[in-house]
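The opening position of the sequence shown corresponds to residue 4 in the numbering used here, with each subsequent residue numbered one higher.
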Amino acid sequence: MTIALDILVLVAYFGIILWIGLSQRSKSASMEGFALGNREIAWWAVLASILAAEISAGTFFGAPGEGYALRNFTYVQLIVGYLLARIIVSAVFIPAYYRHGVVSIYEFLGQRFGPVTRRASSAVFLVTRVLASGTRLWVPTIILVLLWNLANPTRSLTTREEFLLTAGALLFVTLATTVYTAIGGIRAVIWTDVLQIGVLVCALGFSLLFLLSHIPGGWEGAKTMLTGEKDLLVWDWGTKDGAGFWVNVKSVLEQEYTVWAAFIGSTFVTLATHGTDQDMVQRMLTARNKNQSALATILSGVADIPITFVVLGIGILLYVYYQQNPDILLPTNEAGAISSNKVFPHFILTQMPPGLRGLVLAGVLATTMGSLSTALNSLATSYVRDFHFRWFGEPTTDQGKVRVLRFGTILFATLLILVALSTAWVVLHHPKLRILPIILGIFGYTYGSLLGIFMVGLFTKNRGSDKGNVVAMVLGFLVVAYLSGLDLDVARLFGASGLGRPHWMPVIEFPWRIFFGTTVTFVVALCFPASQSREPSNVS
Numbered sequence: 004m005t006i007a008l009d010i011l012v013l014v015a016y017f018g019i020i021l022w023i024g025l026s027q028r029s030k031s032a033s034m035e036g037f038a039l040g041n042r043e044i045a046w047w048a049v050l051a052s053i054l055a056a057e058i059s060a061g062t063f064f065g066a067p068g069e070g071y072a073l074r075n076f077t078y079v080q081l082i083v084g085y086l087l088a089r090i091i092v093s094a095v096f097i098p099a100y101y102r103h104g105v106v107s108i109y110e111f112l113g114q115r116f117g118p119v120t121r122r123a124s125s126a127v128f129l130v131t132r133v134l135a136s137g138t139r140l141w142v143p144t145i146i147l148v149l150l151w152n153l154a155n156p157t158r159s160l161t162t163r164e165e166f167l168l169t170a171g172a173l174l175f176v177t178l179a180t181t182v183y184t185a186i187g188g189i190r191a192v193i194w195t196d197v198l199q200i201g202v203l204v205c206a207l208g209f210s211l212l213f214l215l216s217h218i219p220g221g222w223e224g225a226k227t228m229l230t231g232e233k234d235l236l237v238w239d240w241g242t243k244d245g246a247g248f249w250v251n252v253k254s255v256l257e258q259e260y261t262v263w264a265a266f267i268g269s270t271f272v273t274l275a276t277h278g279t280d281q282d283m284v285q286r287m288l289t290a291r292n293k294n295q296s297a298l299a300t301i302l303s304g305v306a307d308i309p310i311t312f313v314v315l316g317i318g319i320l321l322y323v324y325y326q327q328n329p330d331i332l333l334p335t336n337e338a339g340a341i342s343s344n345k346v347f348p349h350f351i352l353t354q355m356p357p358g359l360r361g362l363v364l365a366g367v368l369a370t371t372m373g374s375l376s377t378a379l380n381s382l383a384t385s386y387v388r389d390f391h392f393r394w395f396g397e398p399t400t401d402q403g404k405v406r407v408l409r410f411g412t413i414l415f416a417t418l419l420i421l422v423a424l425s426t427a428w429v430v431l432h433h434p435k436l437r438i439l440p441i442i443l444g445i446f447g448y449t450y451g452s453l454l455g456i457f458m459v460g461l462f463t464k465n466r467g468s469d470k471g472n473v474v475a476m477v478l479g480f481l482v483v484a485y486l487s488g489l490d491l492d493v494a495r496l497f498g499a500s501g502l503g504r505p506h507w508m509p510v511i512e513f514p515w516r517i518f519f520g521t522t523v524t525f526v527v528a529l530c531f532p533a534s535q536s537r538e539p540s541n542v543s
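Okay, structure coming up:
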């Protein structure tokens with residue numbers, strides 16, 4: 004397997020990324036410059052950065068895996084909610100953040116309710132983001148193991164060797180990303196994101212064209228092999244003909260991709276991820292004004308449509324390609340079944356020519372570094388603004404404030420590496436434990452509570468108290484954890500059984516978790532009258 008050209012492409016990619024990131028140092032010498040780019044970033048760059056933050060390595064492999072497994076486009080339905088939510092975020096959330104002049108969006112909650120709500124919400128974000136981003140950091144190392152196995156077919160890696168290979172890759176990618184993020188701040192994040200989303204789009208586009216050129220008849224030829232009842236389906240109501248009302252309600256709540264999940268569940272998911280997550284909102288606040296921020300936010304949802312069709316199309320075409328080439332062995336899981344999430348990386352390494360393979364591998368790195376850099380910057384900003392300055396005092400100079408932000412960036416890079424290494428260790432030593440779905444889906448359990456409190460703050464004037472909000476957030480989390488069967492998943496890890504539940508009760512899928520969490524949190528918070536412990540505007 005000739006890899007010299009691939010290595011050259013990857014080295015060039017890393018060099019350009021580091022050069023772009025380090026070139027932004029002089030413009031990130033203040034708190035406003037480091038965290039918000041002095042609010043002077045062009046809307047199209049903000050748009051590109053939003054897209055780069057949305058597409059992790061898990062999505063890069065997972066979405067084609069969904070297309071391969073389902074052979075349809077039902078995942079695309081969720082984009083309806085993506086667009087609806089972005090319009091609401093642009094009309095309600097973004098103007099409020101600009102009006103209040105916040106750096107950490109949880110400062111808004113401090114101004115509206117008080118310090119307890121602010122720090123509780125920020126803590127939820129910090130813990131959720133560290134666990135989710137740390138776990139996602141491990142995902143792209145799958146391709147390294149596949150690469151080794153292909154290059155050394157007669158010798159398999161031991162568990163220890165695989166862990167060391169994974170650890171080395173994690174440290175290298177995280178170190179490179181941390182360097183330009185800590186030095187260049189949000190400007191480095193956004194301008195490297197612009198390059199990374201370009202590399203990603205090229206990688207996906209060439210992958211699609213390569214597959215179409217290697218399937219007789221192209222797309223029309225592929226369609227002749229997709230004759231199943233739900234093959235190529237786009238819209239799915241999720242109901243059953245002739246079934247009773249509650250049976251259909253239960254069926255809808257237990258399915259991931261339905262029209263109902265698109266209009267309701269997906270809308271609430273995106274309201275939470277794009278309206279209450281510092282990771283995503285911080286880049287929106289770098290735009291020159293609220294109108295340009297709104298433009299970037301809404302158009303990012305429009306751009307999601309072709310990207311989603313392409314990644315799912317790649318998965319569907321992979322299914323057809325391997326049906327036409329049954330002699331090619333595919334990666335399997337412990338049960339001997341084909342592992343759909345590994346099909347695309349396996350295809351990249353075994354079927355693509357040198358050079359193109361390097362470009363697609365650079366696309367994998369782009370998704371990893373793009374989502375990692377924004378996580379580091381937002382985690383550092385939220386921690387410093389919401390906790391560090393309160394505990395240790397706020398430096399009087401811009402140089403001192405930026406030094407603390409860089410310390411925060413390095414601190415969270417270390418934490419993310421520890422989470423990623425822990426995930427790798429658990430997966431390698433206990434491959435039958437399904438811990439990944441729990442950690443990767445953690446935001447579904449916690450972000451409903453965040454969104455519920457933000458909605459009380461944005462849509463009411465005299466409801467929600469500083470301490471009552473914490474009660475509401477805890478109840479929202481507990482209800483969602485029970486309805487989604489989190490207790491069953493955790494108990495299963497230890498060979499135990501979870502809490503009992505009646506047979507008629509659905510175990511809700513991920514698009515519905517934030518909806519129920521938001522509803523419970525919002526209703527409970529409304530029961531408490533507004534308190535008088537609010538923070539003054541623009542305080543740390």
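We put the CB at the ideal spot given by N, CA and C, even for glycine.
Item                                                                                                                                                                       : Value
Please report how far the alpha carbon of residue 456 lies from the alpha carbon of residue 50, in whole angstroms.                                                        : 27 Å
Any idea what DSSP makes of residue 334, helix, strand or coil?                                                                                                            : coil
Kindly provide the ranges of any alpha helix (DSSP H) runs that are 4 or more residues long and lie completely inside the stretch 336-375, ordered along the chain.        : 343-354
CA-CA distance, residue 252 and residue 396?                                                                                                                               : 52 Å
I'd like the list of long-range same chain contacts for residue 452, defined as Cβ closer than 7 Å, with 5 residues on each side in sequence excluded.                     : 127, 476, 479, 480, 520 and 524
Considering just the uninterrupted stretch of the alpha helix (DSSP H) at residue 116, what are its terminal residues?                                                     : Looking at the DSSP string, residue 116 is not in any alpha helix (DSSP H), and its letter there is neither H nor E.
Helix, strand or coil, according to DSSP, for residue 218 in the structure here?                                                                                           : coil
Once DSSP output is grouped into helix, strand and coil, what is the label at residue 466?                                                                                 : strand
With DSSP collapsed to three states, give me the class of residue 416.                                                                                                     : helix
On a CA-only basis, which of 139, 230 and 347 is nearest residue 68? Give me that one, please.                                                                             : 347
So, does the stretch 355-366 touch the stretch 103-116, judging by three or more C-beta pairs under 8 Å?                                                                   : no
Work out the CA separation of residue 491 and residue 503 for me, nearest whole Å.                                                                                         : 9 Å
Determine the extent of the alpha helix (DSSP H) in which residue 310 is found, giving its start and end residues.                                                         : 293-327
Does residue 290 come out as helix, strand or coil in the three-state DSSP assignment?                                                                                     : strand
Return the chain-ordered list of same chain residues with a C-beta closer than 7 Å to the C-beta of residue 234, the five sequence neighbours on each side being excluded. : 74 and 75
By Cβ distance, which residues of its chain are closer than 7 Å to residue 77, with the 5 residues on each side in sequence left out?                                      : 236, 237, 239 and 260
Are the CB atoms of residue 71 and residue 359 nearer to each other than 7 Å?                                                                                              : no
Assuming residue 401 and residue 33 are in contact, meaning their beta carbons sit under 8 Å apart, how far apart are those beta carbons, in whole angstroms?              : 4 Å
Using three-state DSSP, classify residue 3 as helix, strand or coil.                                                                                                       : Any property of residue 3 remains undetermined from this structure, which presents the chain solely from 4 to 543.
Could you give the first and the last residue of the continuous alpha helix (DSSP H) run that contains residue 17?                                                         : 7-25
Give the straight-line distance between the Cα atoms of residue 10 and residue 206, rounded to the nearest whole angstrom.                                                 : 16 Å
Pick helix, strand or coil for residue 532, following the three-state DSSP scheme.                                                                                         : strand
Do you know whose CA, among 501, 43 and 210, lies nearest residue 484's CA?                                                                                                : 501
So, with DSSP's three-state summary, where would you put residue 44?                                                                                                       : strand
Could you tell me the distance, in whole angstroms, from the CA atom of residue 209 to the CA atom of residue 218?                                                         : 14 Å
Assuming residue 412 contacts residue 185 under a Cβ cut-off of 8 Å, what Cβ separation, rounded to an integer in Å, is found between them?                                : 4 Å
Any contact of the stretch 301-314 with the stretch 111-126, i.e. 3+ C-beta pairs under 8 Å?                                                                               : no
Which of the three DSSP states is assigned to residue 543 in this structure?                                                                                               : Because residue 543 sits at a pLDDT of 47, beneath the cut-off of 50, its placement in the model cannot be relied upon, and the point is left open.
Along the chain, where does the alpha helix (DSSP H) containing residue 91 start, and where does it finish?                                                                : 82-91
Would you mind sorting residue 43 into buried or exposed? The rule is 16 or more other CB atoms within 10 Å of its CB.                                                     : exposed
What residue range does the alpha helix (DSSP H) around residue 254 cover?                                                                                                 : 248-256
Can you tell me whether residue 462 is buried or exposed, with buried defined as 16 or more other CB within 10 angstroms of its CB?                                        : exposed
Starting from residue 472, follow the alpha helix (DSSP H) in both directions and report where the run begins and ends.                                                    : 471-486
Near residue 270, which residues of its chain fall below 6 Å by C-beta distance, leaving aside the five closest residues on each side in sequence?                         : 84, 87 and 88
Cβ atoms of residue 59 and residue 545: under 7 Å apart, would you say?                                                                                                    : Because the chain is modelled from 4 through 543, residue 545 falls outside the range shown and cannot be assessed.
Looking at residue 191: is its Cβ nearer than 7 Å to the Cβ of residue 27?                                                                                                 : yes
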